[in-house]
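Chemist: In the numbering used here, the protein residues as written are 2 to 393.
Yeah, the Cβ is synthetic: ideal placement off N, Cα and C, and Gly gets one too.
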């Protein structure tokens, strides 16, 4: 059985490497279509042995940029975000979405704003939010950020989260793996990879290789010493590991626990977990969960009468803040995020993205995972970001 798993893992790693290399090596705009699941066959990978699974060479993110860059087609200077500038082009795009012809309008707007990563992120969000049927187009728009000659980790995280939201799982995993290579000193780089693989197993069918990779990434967070601003990041990592143990047990897998036994809590099963993270370092966003009774759990009111509990208040780093409840009563749980601000606001993307994961146990021992990402409005302190319904 271990030998069979090892063979499957090697095959998966080789296939993943070839797929990533094919997507990144293809000339634009073909790269975007291939990354978003178009039927066109990928080109043969370049010569030489494939790289390790999950590693995307930096040059693959500096591809031709559809004709708005310099003489060689690569963007030389990214335009920094100008507050409020998005209102003009988003209004034009919104009108086109309603009347038709949005692709032609987008191409026209792109000639003017194509050096701005925030243009692609705002436009992609508008297109996807208009209709889930626009997922391929929205992903094509968003992935233009990766073709700029810049290795900005916060921008790449924003792209990865968006691709998850658009259900472009394989490409999102490649982006998060690249972020991990660029920012290995940040525990969020490992948690993102673990959470994305967990989402893949729950939504796209269980895959043992991805599942074991998620365990390995979460374990890395537990076994390393991080900068002081990430203090207590081990708590959410430990919650995730216990959730992964439950998923593995449902698949008949045994002896998975990767840490000392003293870190394992018997009968840890949780009925509801809400996880709030964000893509900008040195940022403070607070998680609030309004339970069906109307009681609001947050850092000022950490425990509820029904057993709800929220983790520490992260005022730096990337979070996450986590709400857990062992036996959730039926009803609607409203998730809110209070944005206090960032000391490291990205000059490229123009906003911090909040990332919300909600895992709920279902009848028969199953699990349902909701995921969303929301660009935080600087003009609002509190935003409703998700509703989780527990049926009677």
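1. In three-state DSSP terms, what is residue 281?
2. Rounding to the nearest angstrom, what Cα-Cα distance links residue 335 and residue 173 in this structure?
3. Identify, in the order they occur along the chain, each residue of the same chain with its Cβ nearer than 7 Å to the Cβ of residue 246, setting aside the five sequence neighbours on each side.
4. Within the continuous alpha helix (DSSP H) that includes residue 394, where are the two ends?
5. For residue 87 and residue 149, I'd like the C-alpha separation in whole angstroms.
6. Measure the C-alpha to C-alpha separation of residue 107 and residue 301 and round it to an integer number of angstroms.
7. How many Å lie between residue 50 and residue 121 at the Cα?
8. Based on DSSP bridge pairs, tell me the residues matched to residue 302.
9. So what does DSSP say about residue 335, is it helix, strand or coil?
10. Taking the beta carbon of residue 322 as the centre, do at least 16 other beta carbons fall within 10 Å, making it buried, or is it exposed?
11. Going by C-alpha distance, which of 282, 169, 158 is nearest residue 205?
12. Can you look up residue 328 in the DSSP assignment and give me helix, strand or coil?
13. Which residue or residues does DSSP assign as beta-bridge partners of residue 358?
14. So what does DSSP say about residue 248, is it helix, strand or coil?
15. Does the separation of the CB atoms of residue 358 and residue 290 fall below 9 Å?
16. For the segment 229 to 239 and the segment 304 to 319, state whether three or more C-beta atom pairs, one from each stretch, are separated by less than 8 Å.
17. Excluding the 5 residues flanking residue 127 on each side, which residues of the same chain have their C-beta closer than 6 Å to its C-beta?
18. Name the two residues that bound the continuous alpha helix (DSSP H) containing residue 160.
19. Pull the bridge partners of residue 307 from the DSSP assignment, please.
20. Go ahead and pull the three-state DSSP assignment for residue 243.
21. Nearest-angstrom Cα distance between residue 203 and residue 370?
22. Quick one: give me the first and last residue of the alpha helix (DSSP H) that residue 112 is part of.
23. What's the C-alpha gap between residue 295 and residue 353?
24. If you check the beta carbons only, do residue 240 and residue 333 fall under 9 Å apart?
25. Note down, in chain order, each residue of its chain lying with its Cβ closer than 7 Å to the Cβ of residue 177, except the 5 sequence neighbours on either side.
26. Let me confirm a value: residue 252 is counted as buried when at least 16 other C-beta atoms fall within 10 Å, else exposed. Which label applies?
27. Terminal residues of the continuous alpha helix (DSSP H) containing residue 151?
28. Whose C-alpha, out of 238, 164, 151, 207, is nearest the C-alpha of residue 367?
29. Do you know offhand how far residue 200's Cα is from residue 159's?
30. Within 10 Å of its beta-carbon, does residue 145 have 16 or more other beta-carbons around it, so buried, or fewer, so exposed?
31. Keeping to the same chain, check which residues put their C-beta closer than 6 Å to that of residue 310; ignore five residues upstream and five downstream.
32. With distances taken between CB atoms, is the gap from residue 339 to residue 387 smaller than 9 Å?
33. Under 7 Å Cβ to Cβ from residue 183, same chain only, skipping five residues before and after it: list those, please.
34. How would you call residue 393, buried or exposed, if buried means at least 16 neighbouring beta carbons within 10 angstroms?
Modeler: In brief:
1. coil
2. Looking at the two C-alpha atoms, the distance is approximately 27 Å.
3. 257, 258
4. Only positions 2 to 393 of the chain appear in the structure, and residue 394 is not among them; the question remains open.
5. Linking residue 87 to residue 149 through their CA atoms gives a straight-line distance of about 19 Å.
6. 45 Å
7. Its pLDDT being 34, under 50, residue 50 is placed unreliably in this model, and the value from its coordinates should be taken loosely. Going from the Cα of residue 50 to the Cα of residue 121 covers about 34 Å.
8. Note: residue 302 sits in a beta bridge opposite 299.
9. strand
10. buried
11. Closest by C-alpha distance to residue 205, out of 282, 169, 158, is 169.
12. coil
13. The secondary-structure analysis by DSSP pairs residue 358 across a beta bridge with 276, 372.
14. Residue 248 falls in the helix class under three-state DSSP.
15. no
16. yes
17. 91, 94
18. 154 to 166
19. BP columns for residue 307 are empty, so no partner.
20. helix
21. 7 Å
22. 103 to 114
23. Within the model, the alpha-carbon separation for residue 295 versus residue 353 is close to 28 Å.
24. no
25. Contacts found: 161, 193, 194, 197.
26. exposed
27. No alpha helix (DSSP H) contains residue 151, which DSSP labels as neither H nor E.
28. 207
29. 17 Å
30. buried
31. 304, 325
32. Going by C-beta atoms, residue 339 is not nearer than 9 Å to residue 387.
33. 152, 154
34. Its Cβ having fewer than 16 others within 10 Å, residue 393 is exposed.
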